[in-house]
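Q: Starting off with a structure, shown below.
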Amino acid sequence: MFNGDRPIQNVTSDRLNRALFSKYLARSMLDHIEPDSFVVGLYGGWGVGKTSIINLILEELNVAASNMLDSEKPIVLNFSPWSYSGQNELIYSFFRRLSSALRRVEYLENADRIIYLLELYVSFFTHKPVPHILQSKHSLLDRLFFKKHEVVYGWESGRDLTLVKAELNQLLGQQKHKIIIIIDNISRLYPSEIKQIFQIVKSMGDYSNTAYLLAFDKTTVVRSINSLDGSDGEALLEKIIQLPFEIPAILAQDIENILADRLLDIIKLAPEESWRATYWADIYYSSLRYFFENCRDITRFINTLNFSYTRLRDVVNPVDFFALTAIEVFMPEIYCGIRDNKDLFTDFLDHATSFDEVKVQQDKIRCDEILARNQRISHELLLELLLRLFPRLRRIYQPEFSFYYSDASARNLRRLCNPDLFDAYFRLSIQSGQMPQSEFETILALAADANRFNQAVVRLIQDRRIAKFLDLLDGKALLHVPESQMAAIVNALLDNGDSLPERLPGPLSLELSTRVHRIIHTLLQRIKKPNDRLQLMQNAIMHATNSLYIIIQEVLAAEQEHQSEEMVFLPIEFRDFTPEQLAALKHAARQKMAVWAKDGRLAEHPKLLSILNAWCHFGETIACQQFVREMTNEDRGMVTFLRASLALPIEEAMTKYKIDPSWRKYLDEINTLISSQQLEAHAKLLFEDPYFEKLEEQEQLALMIFLDLSNVKTNKIIPKTTI
Numbered sequence: 007m008f009n010g011d012r013p014i015q016n017v018t019s020d021r022l023n024r025a026l027f028s029k030y031l032a033r034s035m036l037d038h039i040e041p042d043s044f045v046v047g048l049y050g051g052w053g054v055g056k057t058s059i060i061n062l063i064l065e066e067l068n069v070a071a072s073n074m075l076d077s078e079k080p081i082v083l084n085f086s087p088w089s090y091s092g093q094n095e096l097i098y099s100f101f102r103r104l105s106s107a108l109r110r111v112e113y114l115e116n117a118d119r120i121i122y123l124l125e126l127y128v129s130f131f132t133h134k135p136v137p138h139i140l141q142s143k144h145s146l147l148d149r150l151f152f153k154k155h156e157v158v159y160g161w162e163s164g165r166d167l168t169l170v171k172a173e174l175n176q177l178l179g180q181q182k183h184k185i186i187i188i189i190d191n192i193s194r195l196y197p198s199e200i201k202q203i204f205q206i207v208k209s210m211g212d213y214s215n216t217a218y219l220l221a222f223d224k225t226t227v228v229r230s231i232n233s234l235d236g237s238d239g240e241a242l243l244e245k246i247i248q249l250p251f252e253i254p255a256i257l258a259q260d261i262e263n264i265l266a267d268r269l270l271d272i273i274k275l276a277p278e279e280s281w282r283a284t285y286w287a288d289i290y291y292s293s294l295r296y297f298f299e300n301c302r303d304i305t306r307f308i309n310t311l312n313f314s315y316t317r318l319r320d321v322v323n324p325v326d327f328f329a330l331t332a333i334e335v336f337m338p339e340i341y342c343g344i345r346d347n348k349d350l351f352t353d354f355l356d357h358a359t360s361f362d363e364v365k366v367q368q369d370k371i372r373c374d375e376i377l378a379r380n381q382r383i384s385h386e387l388l389l390e391l392l393l394r395l396f397p398r399l400r401r402i403y404q405p406e407f408s409f410y411y412s413d414a415s416a417r418n419l420r421r422l423c424n425p426d427l428f429d430a431y432f433r434l435s436i437q438s439g440q441m442p443q444s445e446f447e448t449i450l451a452l453a454a455d456a457n458r459f460n461q462a463v464v465r466l467i468q469d470r471r472i473a474k475f476l477d478l479l480d481g482k483a484l485l486h487v488p489e490s491q492m493a494a495i496v497n498a499l500l501d502n503g504d505s506l507p508e509r510l511p512g513p514l515s516l517e518l519s520t521r522v523h524r525i526i527h528t529l530l531q532r533i534k535k536p537n538d539r540l541q542l543m544q545n546a547i548m549h550a551t552n553s554l555y556i557i558i559q560e561v562l563a564a565e566q567e568h569q570s571e572e573m574v575f576l577p578i579e580f581r582d583f584t585p586e587q588l589a590a591l592k593h594a595a596r597q598k599m600a601v602w603a604k605d606g607r608l609a610e611h612p613k614l615l616s617i618l619n620a621w622c623h624f625g626e627t628i629a630c631q632q633f634v635r636e637m638t639n640e641d642r643g644m645v646t647f648l649r650a651s652l653a654l655p656i657e658e659a660m661t662k663y664k665i666d667p668s669w670r671k672y673l674d675e676i677n678t679l680i681s682s683q684q685l686e687a688h689a690k691l692l693f694e695d696p697y698f699e700k701l702e703e704q705e706q707l708a709l710m711i712f713l714d715l716s717n718v719k720t721n722k723i724i725p726k727t728t729i
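Encoded structure:
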């Protein structure tokens, strides 16, 4: 059963002990004896129960009215401006509702005159005529013989606005009725409409014998007013609100009692003996209790549970599912992080097992990035909850403590931390790989800290969600990135670019490296000084330790801007770098390639051939050829080089081995880096060696295709097909 997010209507439903506070507010307005307008402010954030308190105030006003003479009963208008739009419509609707409230009072003295003056007064602002039924009444003689012209607009009355309001105030001041006007939902309005409400209260509607109760979130209202022409929202409220009240804080015990009552029916749905009160107490009192700040939080949580738990109750642990649902409702970014990192949260480890400290540190980086998405509760409380739900995390965050958790026990209890049951908890989740806008904004904000943002990018690549992040980033979001954070973004993309998947499915999808270039280009174009652009890119290249190919692609893309072909040429003002700066970037790229060649990483790079060709293109042909000679002197280097050079022929030969004459062009490309004749003897030796059978199929094909293309005679027959 789903619960609507509705305020309470009367004191019998009051679970938060607000009745006494509401009674005091109601009495403070009734007992105000000054003739001037009186304004009470009721301050409270989202979901704290402002409308519920208003309903209790209305109930108290009705009780008070039942003990008063008809001529003294308050006239109450409960106005919700959220139902109307536009400033003129807001003014018109407010005074129309006020006029209607006055017309319903049977014992209002001079009622016709008051209502007419009110309508006349309003016409000055709305430019709408006084309704015919509310116009001044004339005698039959006047209507028959004089046909006196009816005054239907304020400016036709012959009096200015001040005189009309003065007479209206005089008549209202003579009444024993207190006019109480309650305005709720102010915080939901547009800034201009919020300011209009306060103008109504302060200027247009400050009538004698009138009290206002304005309910709103003070922080939201002040921020909205401040956004208008440099207005001072705080000062405006101080001028208007004469008696401010903060809604009393909800006691934690009251929240717990309401949550317990609402959970009771759901707990009854749990399979027999699956509910463990002790485990729930550990989870709730250590961390989960801090998720709930008001009744609206409870309603959101219970409604989500009502929908999901009934469908999964037979396959999940109820306590774990309740805790995970709270994370889903209040911290969806954390929920997605858990869902997309099953290996991080579910791999059980025996304390006696030897652990790879490097792997532990890598896991900690991943987990820290997920925890950093939290903005609701403290880091310590969230970590405490996750440690209880996922014992494996203790190896990362509490390595000094011994722990043991049985995989069989977790399976029997249907725990979330069991790898066999983990996926069942997320059956109703949104598709993996998606990214809520709030999570995107949280991750992008990490660019204020270069290390944390870099960790976040690494995690997105591991989660296979980097494409979605780049898709969201490649747009208007780039226009709002502070210039001080651009370096962190460029550094992270260049440092991790080689780990990106090459292409997403779909005929219109871009290679992610192209997406990265678009992002970097957009950021560079926002930097006005060319030298600052160069400095940013040089620093990014210098600090990139995990990628090389993406750096080369960026330099080649910058070079393309300087091509003179008619369809490619860009005007100087649209280029990222000058010719001199481009030369400096090529030099930085050459230095980076030399470093990778020296430490052995270049030989194992999956884009080896493209990098070697770029090395030559950047003017380092001799150094590149020397590297290839040294690489192919080694057995592993020989096989790797041939596999990279013959990648397309290998792919075609995977199902059926048959030499294609067009493959000879690849032999010509090899000759640009090293003479193929220098490789023949070594390749023949590797092919005929018994170790050949232990090579991967693609490595075997590389040797076979090369020997066939080179017409090398071998003692072992080269097979014509492979399986």
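Residues in the sequence shown are numbered consecutively from 7, following the numbering used here.
From the three backbone atoms N, C-alpha and C, an ideal C-beta is built for every residue, glycine too.
Excluding the five sequence neighbours on either side, which residues of its own chain have a C-beta within less than 6 Å of the C-beta of R581, listed in chain order?
A: Taken in chain order, the residues that qualify are E567.
Q: How about N272 and L318: do their beta carbons lie closer than 7 Å?
A: For clarity, residue 272 is Ile in the given sequence; the question names Asn instead. Result no, Cβ atoms of I272 and L318 do not sit closer than 7 Å.
Q: Measuring alpha carbon to alpha carbon, tell me which of Q683, R524, Q632 and S58 ends up nearest S716.
A: Nearest of Q683, R524, Q632 and S58 to S716, Cα basis: Q683.
Q: Is the segment 221-230 touching the segment 192-203 in the sense that three or more CB pairs, one from each, lie closer than 8 Å?
A: Judged by Cβ distances under 8 Å, the segment 192-203 makes contact with the segment 221-230, as three or more pairs qualify.
Q: Checking 7 Å against the spacing of the C-beta atoms, do L530 and R539 come in under that value?
A: Contact flag set, yes.
Q: DSSP state of F101, grouped into three classes?
A: F101 falls in the helix class under three-state DSSP.
Q: Mind checking D501: buried by the 16 CB within 10 Å criterion, or exposed?
A: Flag for D501 reads buried.
Q: With a threshold of 8 Å on Cβ separation, who are the neighbours of Y285 within its own chain once the five nearest residues in sequence on each side are excluded?
A: If we look at Y285 and ignore the five residues flanking it on each side, its Cβ neighbours are V325.
Q: Assuming L554 contacts K598 under a Cβ cut-off of 8 Å, what Cβ separation, rounded to an integer in Å, is found between them?
A: L554 to K598, Cβ: 6 Å. Contact.
Q: Could you check where the alpha helix (DSSP H) with E278 kicks off and where it finishes?
A: Looking at the DSSP string, E278 is not in any alpha helix (DSSP H), and its letter there is neither H nor E.
Q: On the criterion of 16 or more Cβ atoms from any shown chain inside 10 Å, does Y127 qualify as buried, or is it exposed?
A: Y127 should be labelled buried.
Q: Spatial neighbours of A453 within its chain, please: C-beta separation below 6 Å, excluding the five flanking residues on both sides.
A: If we look at A453 and ignore the five residues flanking it on each side, its Cβ neighbours are F459, Q491, A494 and I495.
Q: Excluding sequence positions up to five away, which residues of its chain have a Cβ less than 7 Å from the Cβ of A650?
A: Only L614 and L615 meet the Cβ criterion.
Q: With DSSP run on the structure shown, which of helix, strand or coil describes F85?
A: Of the three classes helix, strand and coil, the one that applies to F85 here is strand, per DSSP.
Q: Once you ignore the five residues that flank G606 on each side, which residues in its own chain have a CB closer than 7 Å to its CB?
A: Taken in chain order, the list of residues that qualify is empty.
Q: Is the separation between the beta-carbon of N380 and that of G53 shorter than 7 Å?
A: Cβ distance not < 7 Å, so N380 and G53 don't count as in contact.
Q: Which residue or residues does DSSP assign as beta-bridge partners of T216?
A: In the DSSP output, where bridge partners are listed per residue, T216 has I185.
Q: Write down the C-beta distance between E686 and V718 rounded to the nearest angstrom, noting that I regard them as a contact closer than 8 Å.
A: With a Cβ gap of about 5 Å, E686 and V718 count as contacting.
Q: Quick one: using the 10 Å Cβ neighbour count with 16 as the cut-off for buried, is M337 buried or exposed?
A: Flag for M337 reads buried.
Q: How big is the Cα-Cα spacing for P405 and L294?
A: Cα to Cα, P405 sits roughly 24 Å from L294.
Q: What did DSSP end up calling Y90 once you bin it into helix, strand or coil?
A: Coil.
Q: How would you write the range of the beta strand (DSSP E) that Y49 sits in, first residue to last?
A: Y49 -> beta strand (DSSP E) spans F44 to Y49.
Q: Give, in chain order, every unbroken run of the beta strand (DSSP E) that is at least 3 residues long and sits entirely within the segment 191-249.
A: Those beta strand (DSSP E) runs which fall completely within the segment 191-249 and span 3+ residues are 216-222.
Q: Would you say V45 and Q248 are within 7 Å of each other, going by their C-beta atoms?
A: In this structure, Q248 lies closer than 7 Å to V45 by Cβ.
Q: Could you tell me the boundaries of the alpha helix (DSSP H) in which G343 lies?
A: Taken as a continuous stretch (DSSP letters only), the alpha helix (DSSP H) holding G343 covers P338 to R345.
Q: Quick check: what's the CA-CA separation for N23 versus D260?
A: So the two alpha carbons sit approximately 9 Å from each other.
Q: Which residue comes first and which comes last in the alpha helix (DSSP H) that contains Q559?
A: Note, Q559: alpha helix (DSSP H), Y555 to Q566.
Q: Give me the Cα-Cα distance between K153 and L75, rounded to the nearest whole angstrom.
A: The pLDDT assigned to K153 is 43, lower than 50, so where the model puts this residue is not dependable; a value taken from the coordinates is nonetheless given after this. Rounded to the nearest angstrom, the two C-alpha atoms are 41 Å apart.
Q: Near E705, which residues of its chain fall below 7 Å by C-beta distance, leaving aside the five closest residues on each side in sequence?
A: Within the same chain, E705 has close Cβ partners V645 and R649.
Q: For my contact list, S77 and Y113 are in at a C-beta cut-off of 8 Å; report their separation, rounded to the angstrom.
A: Sure, about 5 Å apart at Cβ, within 8 Å.
Q: Counting C-beta neighbours from all protein chains within 10 Å, is the total for V170 16 or more, i.e. buried, or is it exposed?
A: Flag for V170 reads buried.
Q: Over what stretch of residues does the alpha helix (DSSP H) that includes I304 continue unbroken?
A: Looking at the DSSP string, the run of the alpha helix (DSSP H) that includes I304 is C301 to L318.
Q: Over what stretch of residues does the alpha helix (DSSP H) that includes S616 continue unbroken?
A: Looking at the DSSP string, the run of the alpha helix (DSSP H) that includes S616 is L614 to H623.
Q: Relative to the alpha-carbon of E447, which residue among W281, E339, A287 and T132 has its alpha-carbon at the smallest distance?
A: Of the candidates W281, E339, A287 and T132, the one whose C-alpha sits nearest the C-alpha of E447 is E339.
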